[in-house]
Amino acid sequence: MSDNILVTTLDEALKWGTGKSLWPFTFGLACCAIEMMSAMGSDYDWARFGSDVFRDSPRQSDLMIVSGTVTKKMAPRIRRLYDQMAFPKFVISMGACASAGGPYVRGYSVVDGVDQVVPVDVYVYGCPPRPEALIQALKMLQDRIVAGKVKH
Amino acid sequence: MEDKVIEVNFGPQHPSTHGVLRIKVKLDGEIIVEAQPVIGYLHRNAEKLAEMGGYPKGMIYIDRLDYVAALNMELGYVLAVEDLMGVQVPERAQWIRMMMVELNREASHLIWLGTHGLDMGMLTPFFYCFRERERILRILDEVTGSRLLYNYFAIGGIYSDVTPKAFEMIRTWTEDFVKKMEEIQSILGKSYIYVSRTKDVGKLTAEDVLSYGVTGPMQRASGIKRDVRKDAPYLFYDKVNFEIPTRTEGDVYARFLVRIEEMRQSASIVKQVLEKIPQGEFYNKKYSKPMLVRLKTTGESYVPTESPKGEFAIHLIGDGSSIPYRVRIRSPSFANLSSIPTMLKGYKIADLTAAVSSIDPVFGEVDR
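Here the protein sequences come in this chain order: A and B. Under this note's numbering, the first residue of the first sequence carries the number 1, and numbering increases by one thereafter. Under this note's numbering, the first residue of the second sequence carries the number 1, and numbering increases by one thereafter.
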């Protein structure tokens with residue numbers, strides 16, 4: 001490799017770098033948060049995909065994983081936390097509840113889908129999704145970022 | 001300079017709240033003058049929704065109450081329904097229920113231990129505990145078909161029998177777990193920083209515990225020897241030998257020790273159950289699946305059970321139709337959380353995360 005020269009544009013390099021170093025935001029809402037912790041834990045270890053640093057502050061993170069039921073009381077807080085994140089920022093909607101209200105969709109206090117509050121890049125199905133599904137969503141998001149298909 | 005009390009909001013987004021708890025803390029310097037928990041950020045009307053479907057359909061909302069120990073929640077519901085309708089459950093099903101519930105209790109305590117370590121600024125216990133927890137989840141996955149929320153206990157038994165492979169997995173797990181337990185305990189228990197941060201922190205006296213209705217490991221750490229499994233045995237808890245660990249200090253460290261000892265006792269219960277499981281039916285054939293939806297009944301039932309967080313029970317009222325009239329949930333975390341004002345008053349702000357995480361609140365159950 002030492003004799004070779006890699007030619008790329010700054011834009012391409014930035015996209016590649018952003019995709020491979022997504023820092024998730026420690027933001028657990030309900031049941032899915034436990035599976036999110038499992039994905040981060042010993043067996044599934046998603047540090048392998050460059051997302052090893054879970055940040056506790058929205059200002060230091062790129063990726064918000066909405067893991068759980070979004071209630072009407074929590075929705076304004078989610079929007080506020082999303083606004084506090086610095087660009088570029090991405091959202092994964094994890095599980096049936098965050099995507100469409102799930103089993104609680106008939107409830108009076110539940111928002112049917114976090115996409116009414118923040119823009120969502122990848123939806124994950126399941127109640128709760130297995131950690132493998134979340135890792136697949138992360139890989140999908142990474143591929144889309146590297147390919148330049150993400151809007152914001 | 002005059003004294004000035006400032007008000008700080010802890011949560012609803014904070015890595016140490018174990019979900020979406022908000023605590024309004026009034027601070028004088030770094031001393032907590034007043035702490036008031038604000039709940040309801042995960043209120044998803046589980047009680048009301050459970051009253052909208054038939055008796056077996058309510059199970060999915062009960063499952064999602066305490067999502068780290070879903071089988072314990074299911075057991076409370078299933079026992080209440082069976083008590084209401086006078087359903088006979090085969091012996092094998094009851095023993096299997098007991099084994100599964102104890103396995104889930106281990107998983108719940110392990111997740112508590114891991115996140116408690118995180119709250120105290122230690123990352124290593126998290127990985128150790130999750131490694132052990134994944135082993136239990138693999139067993140539960142083998143038996144029930146899912147990892148976190150199972151819907152496994154049915155009215156009149158269980159949905160599927162335990163396979164020989166699963167029995168083998170459980171057997172090897174019981175042999176290994178005792179050794180691993182020593183390792184896990186020593187990570188936190190031998191850490192000078194952990195012990196000095198948790199001793200004499202978040203104290204609750206026996207009177208406080210009784211007046212707030214605190215149950216479970218928190219109650220036993222304050223010197224009250226009470227466990228529904230011993231006091232009012234359900235399933236076959238009167239046929240196995242186990243101890244109720246108690247401490248008298250009532251601080252965070254005592255709760256840690258009580259929970260660790262409880263994990264040992266649960267492992268020994270699983271071991272005893274493995275020897276005692278009889279052959280036979282695993283569900284009552286009278287209550288087949290199409291029949292379950294049409295169950296009708298009148299009357300009331302309340303069966304207390306010991307969940308990992310404390311006394312859990314469901315008060316069911318039937319009005320003669322096929323859907324329950326009332327599903328009232330007695331959730332342990334809710335009562336335990338109400339002790340926060342007493343538990344935090346007078347301590348430093350740095351003790352707050354230690355004390356809150358020692359409650360082990362799960363918000364699906366608190367807000368319902």
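We put the beta carbon where it would ideally sit given N, CA and C, even for glycine. Predicted, not measured: the structure shown is a model, and the values here were computed from it.
- Restricting attention to Ile-155/B, Ser-301/B and Trp-112/B, the CA atom closest to the CA of Thr-17/B is found in Trp-112/B.
- For Ser-211/B, the uninterrupted alpha helix (DSSP H) run begins and ends at 206 to 212, by DSSP.
- Close to chain B, meaning a Cβ-Cβ distance shorter than 7 Å, are the following residues of the region 66 to 94 of chain A: Thr-69, Thr-71, Lys-73, Met-74, Arg-77 and Leu-81.
- Looking from the CA of Tyr-159/B, the closest CA among Ala-355/B, Met-100/B and Glu-365/B belongs to Met-100/B.
- A straight line joining the alpha-carbon of Trp-95/B with that of Asp-62/A spans about 48 Å.
- Residues of the region 16 to 38 of chain A with a C-beta atom less than 8 Å from some C-beta of chain B are Thr-26, Phe-27, Gly-28, Leu-29, Ala-30, Cys-31, Ala-33, Ile-34, Glu-35, Met-37 and Ser-38, listed in chain order.
- The beta carbon of Gly-113/A is closer than 7 Å to those of Ser-99, Ala-100 and Gly-101 in its chain, skipping five residues each way along the sequence.
- Near chain B, meaning a CB-to-CB distance below 7 Å, the residues of the region 91 to 125 of chain A are Pro-103, Tyr-104, Arg-106, Gly-107, Tyr-108, Ser-109 and Val-110.
- Closest by C-alpha distance to Ile-6/B, out of Asp-360/B, Arg-171/B, Glu-30/B and Ser-333/B, is Glu-30/B.
- Against chain A, the CB of Tyr-41/B has a partner CB under 9 Å away; the residue lies at that interface.
- Taking 9 Å as the cut-off, the beta carbon of Arg-97/B is found closer than this to the beta carbon of Val-78/B.
- Under the criterion of beta carbons closer than 8 Å, Val-120/A and Ile-78/A do not qualify as touching, at roughly 11 Å.
- In the three-state reduction of the DSSP assignment, Ile-323/B falls in the coil class.
- Here Pro-37/B carries a strand assignment [DSSP, helix/strand/coil].
- At a cut-off of 9 Å between beta carbons, Arg-130/A contacts chain B.
- Bounds of the alpha helix (DSSP H) holding Glu-132/A are 131 to 146.
- Look at Leu-137/B: its C-beta is under 9 Å from a C-beta on chain A.
- Within 8 Å of the CB of Arg-64/B, the CB atoms of chain A belong to Ala-30, Cys-31 and Pro-103, in sequence order along the chain.
- The beta-carbon separation of Ser-331/B and Leu-75/B, rounded to 14 Å, does not stay under the 8 Å limit for a contact.
- Within the region 38 to 58 of chain A, Ser-38, Gly-41, Ser-42, Asp-43 and Asp-56 place their CB atoms closer than 7 Å to a CB of chain B, listed in sequence order.
- Secondary structure of Lys-348/B (DSSP, three-state): strand.
- Counting only Cβ-Cβ distances below 9 Å, Gln-88/B has no contacts in chain A at all, with the closest Cβ about 30 Å away.
- Ile-340/B and Lys-309/B have their C-alpha atoms roughly 15 Å apart.
- When DSSP states are grouped into helix, strand and coil, Asp-56/A belongs to the coil group.
- Arg-328/B is a Cβ neighbour of Glu-47/B, given a cutoff of 9 Å.
- Residue contact with chain A for Tyr-128/B: present (Cβ-Cβ distance below 9 Å to some residue of chain A).
- Nearest in C-alpha terms to Glu-306/B, of all of Tyr-237/B, Pro-15/B, Lys-165/B and Asp-227/B, is Asp-227/B.
- Taking a C-beta cut-off of 7 Å against chain A, the contacting residues of the region 7 to 36 of chain B are Pro-12, Gln-13, Pro-15, Gly-19 and Val-20, listed in chain order.
- For the region 65 to 83 of chain B, the set of residues with a beta-carbon nearer than 9 Å to any beta-carbon of chain A comprises Tyr-67, Val-68 and Ala-70, in chain order.
- Collapsing the DSSP output to three states places Glu-7/B in a strand.
- For Ser-222/B, there is no enclosing alpha helix (DSSP H), as DSSP marks it with neither H nor E.
- The straight-line gap separating the alpha-carbon atoms of Val-8/B and Lys-24/B is approximately 6 Å.
- Look at the region 19 to 91 of chain B and you find these whole runs of beta strand (DSSP E), each 3 residues long or longer: 22 to 28 and 31 to 38.
- Using a C-beta cut-off of 8 Å, the region 200 to 207 of chain B makes no contact with the region 118 to 135 of chain B, since fewer than three inter-stretch Cβ pairs fall below that distance.
- With a minimum length of 4 residues, the unbroken runs of alpha helix (DSSP H) contained wholly in the region 217 to 284 of chain B fall at 217 to 221, 228 to 231 and 252 to 276.
- For the 9 Å CB-CB criterion, Gly-364/B and Ala-30/A form a contact.
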